[in-house]
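Trainee: Number 1604 in our numbering belongs to position 575 of the sequence shown; there are no gaps in the numbering.
One structure, pasted below without further comment.
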Amino acid sequence: MRSLKLTVCLLLPFLIKSRLAYCQSAIRISLTEKNAPLQKVLDDIHDKTGFTYVGEGDWPQISRPVSFSVTNETIQVVLELCFRDQPLLYELNTANHFISIKPKAKEDRQVHGWVYDENRDPMGGVSIHVVGEGDAVSRDNGEFDIRVRYAGAHLVFSMVAYEDKEMALPEPGKDITVQMQSRAGTLEAVVVHTGYQDQRKLRTTGSFDEVDNDLLNRRVAPNILDHIDGVTSGVIFNKNLSTGNNSASISVRGRSTIYGNPNPLIVVDNFPYNGDINNINPADVESITILKDAAAAAIWGAFAGNGVIVITTKKAKAGEGKRISFTTSQTGSQRVNLFYLPILSSNDYIDIEQFLFNNGYYTGYLLNPQYLAVTPVVELLNKAKQGMLTEEQANSQISMLRRIDTRNDLNKYFYRRGLNSQYALSFSGGNEKDQYYLSAGYDRNLTNLTHNDYDRITLLGNNSYTLVPKKLELTTSLVFAGSTTYLNNPGISDVTYPYAQLANAHGAPLPVANGLRIPYADTVGGGQLLDWHNRPLDELRNADNVVHLNDYRINLGLRYCIWKGLEARAYYQYSHTDSNYSQFYSLKTYYARNLINS
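Dropping the structure here:
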């Protein structure tokens, strides 16, 4: 009986240990971790299972964060998730509730590579981090070198406004190429076009404003400078210019001179532009850069004293494929409201004329041997005074004049609704060796003044040829702009009294008292002179004042890559602008008839 008890006592520890081992192997875990340090995850496992851990060296520093979510899984599965892609090895001892950790074999090698953005442009200043080991920063040309000690390590690339990029180590002896992606919802890296070079704004030291194509298209206007009005800081548009004070319509950095040229320097495709800015079609402009401080003087010298506006036209890009684009816009404006400002009415004006006539104010005018013009009311009052008309006849005709408002005729014949029409058609495409951008534009602007029109035709052709791949590139550009401006309505009529009638009920022009007295002009010369009446409506219809402007530009450019990061460029431009202002007065105009009769 004693031996049986002894046997049971001796077997009991083994049975308990075997049962405990069986229970331990069946332990299951439910756990969720998100970007947590490995050491914290092992602590959580210890709290749930009782397994302890110990490691060699600086394993917490070289470990990578862990993310996973498991439900009712074995400890072996959980540890596999924890140590996946880690530069560490682990060993599980279920019998002793023990986890041992040690780094993988050391490599201690140099990793070399390049960092680019989405456009394959080199990126400098990118931070390269090896978890637990060290950091490096890419150089301006995108190149980097970093030393890695452990196998299985990962490189993490990061930069402001870009998504973090994690890469595994390349095979020994091979370089690594990393392409960063812009982070959604952040501004893209701005490229500043100074006219001589293109560089990222973060690397510049001067004060710049960059207006991209999307910002330019927020406004619709035939003049390219109107597209930046109100969308950029530091640029002032002077709307109310007074003659004789040497003022500029646009100011970038204030006045640098009192008597010299106050206008900012305009640069178009690497060359100063001295032509009419209206010849540049806004549909052909890719971006505008405004150089506002003294750094611009280091590029353009004294010409940059009033600031620099750099305009870059559109060009095709490699890999875009063929594209056809057509845009049109119609911009309308209301007639000028001539009744907005209160003026002296015809009735009140005639009352004042009667008062002045009765007090002898017009006596000198009526006795003047040069027969200077007086108003119809003064003529009627003078005829009644001389007995040529009865007082009732004069008052009847004056009453009719009291009901006339010249602004009605001015609004009908001299003003209209404005309409600006713009049309642009472009073709672009090519391949890796040849890219082209062709465009044609037509603008027709009808101002609020009748017979004042503006027509413009623009043609643009930009080509880029790769003569030697990644070495030599040739660019050509041909630009033509032709415009016609009609200036037949000065906006100020030859009417000096508010009851002048410019046309009869059928629209036939009527004479107004301007220059000579109407009764004198009716009979002077006995039919031997030309018609001496001044009819403002005829002057408007017979005016022939036109400005023709043609602008040609031919650009050539060569770019040679000496080695990565160093280029040599050469540019040539031929430009020619001619302007012809014609102001023709036919015999139908009062100006010519008055000159001949005089």
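Note that CB positions come from ideal geometry on N, CA and C, so glycine has one too.
Bear in mind that the values here come from a model prediction, so they are computed numbers and not experimental data.
Residue range of the alpha helix (DSSP H) that W1592 falls in?
Mentor: Here W1592 belongs to no alpha helix (DSSP H); instead the beta strand (DSSP E) covers 1573–1592.
Trainee: Threshold first: 3 residues or longer. Then list the beta strand (DSSP E) segments lying entirely within the region 1405–1480, N to C.
Mentor: Within the region 1405–1480, the complete beta strand (DSSP E) runs of at least 3 residues are 1447–1459, 1463–1475.
Trainee: Note down, one range per segment and in chain order, each alpha helix (DSSP H) of at least 4 residues found wholly within the region 1473–1553.
Mentor: List check, alpha helix (DSSP H) in window: 1547–1552.
Trainee: I believe C1315 touches T1342 by the beta-carbon criterion, under 8 angstroms. Please report the beta-carbon distance rounded to the nearest angstrom.
Mentor: The residue asked about is misnamed: residue 1315 is Glu in this sequence, not Cys. Rounded, the Cβ-Cβ distance is 6 angstroms, consistent with contact.
Trainee: Report yes if the C-beta distance between S1375 and D1438 is below 8 angstroms; otherwise report no.
Mentor: Their beta carbons are not under 8 angstroms apart, which means S1375 does not touch D1438 by this criterion.
Trainee: Could you give the first and the last residue of the continuous alpha helix (DSSP H) run that contains T1261?
Mentor: From DSSP, T1261 is part of no alpha helix (DSSP H); its letter is neither H nor E.
Trainee: Which residue marks the beginning of the beta strand (DSSP E) containing R1178, and which one marks its end?
Mentor: Per DSSP, R1178 belongs to the beta strand (DSSP E) from 1172–1179.
Trainee: Which residue or residues does DSSP assign as beta-bridge partners of A1065?
Mentor: For A1065, which the question treats as bridged, DSSP gives the partners V1095.
Trainee: For L1632, does the three-state DSSP call read helix, strand or coil?
Mentor: What is shown of the chain runs 1030 to 1627, which leaves residue 1632 out entirely.
Trainee: Identify which residue in A1197, R1168, S1428, A1402 has its Cα closest to the Cα of G1154.
Mentor: The candidate whose alpha carbon is nearest that of G1154 is R1168.
Trainee: Between Y1051 and the rest of its own chain, which residues show a CB-CB distance below 8 angstroms, the 5 nearest in sequence each way excluded?
Mentor: Because the pLDDT of Y1051 is 39, which lies under 50, any placement of that residue in the model is unreliable, and the question is left without a value.
Trainee: In terms of alpha-carbon separation, which member of F1097, Y1082, D1551 lies closest to S1059?
Mentor: Looking at the Cα atoms, F1097 is the closest of the given residues.
Trainee: Between G1079 and Q1210, what straight-line distance do the alpha-carbon atoms span, to the nearest angstrom?
Mentor: If I take the Cα positions, the gap works out to 44 angstroms.
Trainee: Going by DSSP in three states, P1132 sits in which element: helix, strand or coil?
Mentor: Three-state result, P1132: strand.
Trainee: Taking the straight line between their C-alpha atoms, what separation do you get for S1457 and A1312?
Mentor: Distance between the alpha carbons of S1457 and A1312: 14 angstroms.
Trainee: Count the C-beta pairs between the region 1596–1616 and the region 1538–1558 that are closer than 8 angstroms, then say yes if the count reaches three, no if not.
Mentor: With the cut-off at 8 angstroms, the region 1596–1616 and the region 1538–1558 do not touch.
Trainee: Is G1416 close to the ligand NAP? I mean its beta-carbon at under 7 angstroms from any heavy atom of the ligand.
Mentor: The ligand NAP is absent from the structure shown, which contains no ligand whatsoever.
Trainee: From N1064 to L1184, what does the alpha carbon distance come to, in whole angstroms?
Mentor: Cα to Cα, N1064 sits roughly 16 angstroms from L1184.
Trainee: Rounded C-beta distance between S1604 and R1570? I'm assuming under 8 angstroms.
Mentor: The Cβ separation is near 38 angstroms, so there is no contact.
Trainee: With which residues is I1205 paired in a DSSP beta bridge?
Mentor: In DSSP, I1205 forms a bridge with G1142.
Trainee: Indicate whether A1347 and E1502 have their beta-carbon atoms separated by less than 8 angstroms.
Mentor: The answer is no: Cβ separation not under 8 angstroms.
Trainee: Please report the distance separating the alpha-carbon of D1580 from that of P1565.
Mentor: Roughly 35 angstroms between the two C-alpha positions.
Trainee: Assign A1182 to buried or exposed, taking buried as 16 or more other Cβ atoms, counted over all protein chains shown, within 10 Å of its Cβ.
Mentor: It counts as buried.
Trainee: Whole-angstrom Cβ separation of R1140 and V1177, contact assumed at under 8 angstroms?
Mentor: Contrary to the premise, residue 1140 reads as Val rather than Arg in this sequence. Indeed they touch by this definition, with Cβ atoms about 5 angstroms apart.
Trainee: Between G1459, Y1465, R1485, I1427, which has its C-alpha nearest Y1452's C-alpha?
Mentor: Of G1459, Y1465, R1485, I1427, the residue nearest in Cα terms is R1485.
Trainee: Excluding the 5 residues flanking L1039 on each side, which residues of the same chain have their C-beta closer than 6 angstroms to its C-beta?
Mentor: Model confidence at L1039 stands at a pLDDT of 40, short of 50, so the residue's coordinates are unreliable; what they give is reported in the following sentence. Cβ within range, chain order: n/a, list empty.
Trainee: In this structure, does DSSP put L1110 in helix, strand or coil?
Mentor: DSSP places L1110 in helix when its eight states are reduced to three.
Trainee: For P1199, would you say it is in contact with chain B, using Cβ-to-Cβ distances shorter than 8 angstroms as the test?
Mentor: Of the chains in the structure shown, none is chain B; there is only one protein chain.
Trainee: To the nearest angstrom, report how far apart L1294 and G1330 are at their CA atoms.
Mentor: Between L1294 and G1330, the C-alpha separation is close to 11 angstroms.
Trainee: Quick check on the DSSP output: the alpha helix (DSSP H) that includes R1622 runs from which residue to which?
Mentor: 1619–1626 is the extent of the alpha helix (DSSP H) around R1622.
Trainee: Give me, in chain order, the residues of the same chain whose beta-carbon lies closer than 6 angstroms to that of R1473; leave out the 5 immediate sequence neighbours on both sides.
Mentor: Hits under 6 angstroms: S1450, D1484.
Trainee: By the 10 Å Cβ neighbour count, where 16 or more other Cβ atoms means buried, how is H1535 classified, buried or exposed?
Mentor: H1535 is exposed by the Cβ-count criterion.
Trainee: Which ranges would you report for the alpha helix (DSSP H) in the region 1323–1359 if only whole runs of at least 4 residues count?
Mentor: Runs found: 1326–1329.
Trainee: When the Cα of S1195 is compared with those of S1156, G1171, N1310, which residue comes out closest?
Mentor: Checking the displayed sequence, the identity of residue 1195 turns out to be Glu instead of Ser. Minimum Cα distance to E1195 is reached at S1156.
Trainee: Taking the beta carbon of W1592 as the centre, do at least 16 other beta carbons fall within 10 Å, making it buried, or is it exposed?
Mentor: Flag for W1592 reads exposed.
Trainee: Could you compute how far the alpha carbon of F1368 sits from the alpha carbon of R1431?
Mentor: One C-alpha to the other measures close to 17 angstroms.
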